[in-house]
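Written out below as structure tokens is the structure these notes cover.
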Amino acid sequence: MRSKDPTSSMANSSGPLHRGMPSNPADPLAAPQPKAGGIAARAMAARQTTMPAYMEGLNAEQRLAVETINGPVLVLAGAGTGKTRVLTTRIAHILATGHATPGQILAVTFTNKAAREMKERIGAYIGENVEGMAWLGTFHAICVKILRRHAELVGLKSSFSILDTDDQVRLIKQIIQAEGLDEKRWTAKTFAGLLDSWKNRGLTPEQISAGEAQAFANGLGRKLYQTYQERLSILNACDFGDLLLHCITIFKEHDDVLKSFQSRFRYMLVDEYQDTNIAQYMWLRLLAQGNSNVACVGDDDQSIYGWRGAEVDNILRFEQDFPGATVVRLERNYRSTSHILSAASHLIAHNQGRLGKTLFTDQMGSEDEDKVQVASAWDSQEEARSIGDEIEALQNHGHSLNEMAILVRASFQMREFEDRFVTLGLNYRVIGGPRFYERMEIRDALAYFRCVMQPSDDLAFERIVNTPKRGLGEATLKIVHAYARERAIPLMIAAGELVQTNELRPKARAALADVLGMFENWRNQVETMSHTELAEIILDESGYTQMWRQDRSAEAPGRLDNLKELIRSMEEFESMAGFLEHISLVMDKDSDVEEDAVSIMTLHSAKGLEFDTVFLPGWEEGVFPNQRALDETGQAGLEEERRLAYVGLTRGRKRVKVWFTSNRRIHGSWQSCIPSRFLDELPADSVEVVEASSSYGGYGLNSAGGGYGASRFDNSDPFQSKYSTPGWQRARKAQASGQQYGRMHGGNQTRRAKKAGPMTIEGELVAKSVTEVGSDFAIGERIFHMKFGYGSISDIEGNKLTVDFEKAGQKKVLDSFVERA
DNA sequence: ACTGCATCTCTTTTT
DNA sequence: GAGATGCAGT
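Shown next as structure tokens:
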């Protein structure tokens, strides 16, 4: 029942277009909101007379998502359904209709890349005005902006610096050492992970639970967290987590500041909402309390970052969190063939706790469309060889390498492909991996720059005092440290005072004085010299470039090139300070040259991309789904792995080929592999099992039978298909023995999965049908199924529908695969 | 302060 | 089986 309280912030917040609350039928004034994607909504969208140019080509749902600008909106955008298009058009629409100026729109993304793309695309609609969109950026970038204005409210100076993970770990290490803890038992890395998870959940030292505080170093967790924060405060620095956390603190403690941002941001948009963590959610909630014009776009089925704090729950709970929310589902896929979509949809249907979407396409399965192929290989070498051959064959048929990608679960799988492609002379590029600004030489150079610009940057100073070697070893540094800590002054200042005394050995004293003199010198030139010139001088005079020039190792020349590249990339910035600010938030650099090459990357980094041809190697139990994910997070882990598989499949436009091998070397020793359970979850009629290209036939993929309508979800003959992989056989056996797989899913069965071998998830569907509230379809209802067409429901069993199809006859189908006609 | 040997670990990644 | 890290020895 809806609240009738007129003071409810939600009710008041809506603009002129419609009320944000669900209506009471008894109240004639409150018209019901059109159900997203419902007939009324479509009709409304269709009736549009004159359409602004930017709206052209949008389908009804997309248009609804664009035009519903007031009140909370959740856009559930399946893979390839035009998500970015909706987001950018929505902004264009808000601006074009005069609801806000560019500076009044808050648009948040996760990555810099996404922010950049969004900016570009909005620029295409509104031209120069994009520059006015000061609040388009990543969560972190926007938080920095807010924090620079109000730093003093959390005990920082506006000039605070931002630590990256490396600095963070080194700082923690010092704290753990100072505490006299066993560094082996309680590693800095572990604590960094803990800190991260606390900050992801928006927890300050006081707020962490006793249990969690207890878990690290015999209950020192809380204290270490506190000390760490104190140290940051002295360093006038914060880590990535703090950017959000400090903002939240400010918002909570200073109502006037919060209010001012609330009224500034008239419209808010969040991209990839399924990836938000609790802190980001809290941040957003605080801002959205003013007016609830918040639009979140995401896809619960593509939530693959749970392990780094993303809360799928945020998107699943959206309607409760933002009452009266309009939910729009984008399910019309413009990317992939119907076979690919069918494969992806069937697979993901094995997950529970979804908001439920089914992708469909208009380009209905024409004959020349390839089915999703499944192939096997003896080992990973053969896998790489076969895929290499296929890529060459495609290339010979005029396909561009840029349109092909190999998506792996873990980066160790990449090597085999690289090796193979090198011998073939096939152009490839690895996406992901160590990034430019994370390379040692770049970080060293940056540390020099940071010390020049910010003498209090202790971490930078420590990094380079003795790089190149100057005879300033541990002993000297210890003295400087002690001196600095005693007086609570930065290391550089301490060093400056110490060289005036006799406390240091003459050699060290001279070396230290020398270093400090150089910095003094450079600092004097900041104002008078271009920052690129100064940068060169710094690297030169410090002896840093010299150090690499003398280095005879294989990497040295590359490192020198990188340093040159660093200087070159600085040219785009106005000043050294501006450059440093940029890279503290943007750790990656656009790669410039784009020659024709196959892409090799992890499934995670493939999110958001698309290719004509996608190869998915390594679908074996233990690899994918990853054993560790299964062991550590059980059912939730399995489901995240499945979403990852879903992401992989939906990257392909025309061709997707999945591979598994019989043997693989893991941690040095050979293991024989069992095909991934995910293979069993693909629909037989959209999948083609292809003959192994060479000798081994261990898994005997004989191709007989199968065909139209032989989905395992049919009642006819669920396992009588051309598959005879062990997974399928197990599932079949279980079925024959009448085993209730569904039961197994209730308890603590995930643990036993390891020993008993992979279980099929087949039973989950059964489990679902008994436990779930049941389908919201009714007997007699007319529905549409993307494979079988129109029909009417003759029986309902949980989420399984018996449907009399007009063309295909009676079939049993899952309710998630049909929509109301 | 540097080098060599032993030991440990071994998903995914952005900011 | 490799790569990183840490410790002991010079």
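Letter 60 of the first sequence, counting from 1, is numbered 60 in the UniProt record's numbering, and no numbers are missing. We treat Cβ as the ideally placed atom computed from N, Cα and C, and that holds for glycine. All of these numbers come straight from a predicted model, not from anything done at the bench.
Residue i in three-state terms, based on DSSP
i	result
residue 792	strand
residue 390	helix
residue 553	coil
residue 803	strand
residue 373	strand
residue 678	helix
residue 586	coil
residue 454	coil
residue 763	In this prediction, residue 763 scores a pLDDT of 26, lower than 50, which makes its location untrustworthy; no coordinate-derived value is stated.
residue 219	helix
residue 70	coil
residue 326	strand
residue 820	strand
residue 395	helix
residue 362	coil
residue 182	coil
residue 277	strand
residue 488	coil
residue 257	helix
residue 310	strand
Inter-residue spacing [alpha-carbon to alpha-carbon] between residue i and residue j
i	j	result
residue 73	residue 94	14 Å
residue 673	residue 619	9 Å
residue 444	residue 162	16 Å
residue 123	residue 90	13 Å
residue 664	residue 415	13 Å
residue 428	residue 597	4 Å
residue 255	residue 513	49 Å
residue 274	residue 315	6 Å
residue 223	residue 216	10 Å
residue 183	residue 219	15 Å
residue 298	residue 61	15 Å
residue 335	residue 150	45 Å
residue 413	residue 490	45 Å
residue 654	residue 356	24 Å
residue 482	residue 225	22 Å
residue 794	residue 806	12 Å
residue 420	residue 600	12 Å
residue 385	residue 566	37 Å
residue 289	residue 583	32 Å
residue 346	residue 154	50 Å
residue 303	residue 641	10 Å
residue 645	residue 657	12 Å
residue 433	residue 189	19 Å
Beta-bridge pairing of residue i - partner residues as DSSP gives them
i	result
residue 438	Bridge partners of residue 438: none, in fact.
residue 239	Its beta-bridge partners do not exist; DSSP assigns none.
residue 299	Its beta-bridge partners do not exist; DSSP assigns none.
residue 267	105
residue 404	613
residue 782	792
residue 671	664
residue 688	373
residue 511	Looking at the DSSP assignment, residue 511 forms no beta bridge with any residue, so it has no partner.
residue 428	598
residue 379	663
residue 830	The chain is shown only over 1 to 821; residue 830 falls outside these bounds and no answer can be derived.
Status (buried if at least 16 other CB within 10 Å, exposed otherwise) for residue i
i	result
residue 463	buried
residue 351	buried
residue 538	buried
residue 587	exposed
residue 328	buried
residue 51	exposed
residue 667	exposed
residue 440	exposed
residue 159	exposed
residue 651	buried
Any non-hydrogen atom of the ligand ATP closer than 7 Å to residue i Cβ
i	result
residue 148	Ligands in the displayed structure: none, and consequently the ligand ATP is not present.
What residue ranges within the stretch 590-665 form continuous alpha helix (DSSP H) runs of no fewer than 4 residues, ordered along the chain?
Complete alpha helix (DSSP H) runs here, min 4: 603-606, 627-649.
Hey, which unbroken runs of the beta strand (DSSP E) at 3 residues or more fall wholly within the stretch 81-164?
Taken in chain order, the unbroken stretches of beta strand (DSSP E) that lie wholly in the stretch 81-164 and span 3 residues or more are 105-109, 136-138.
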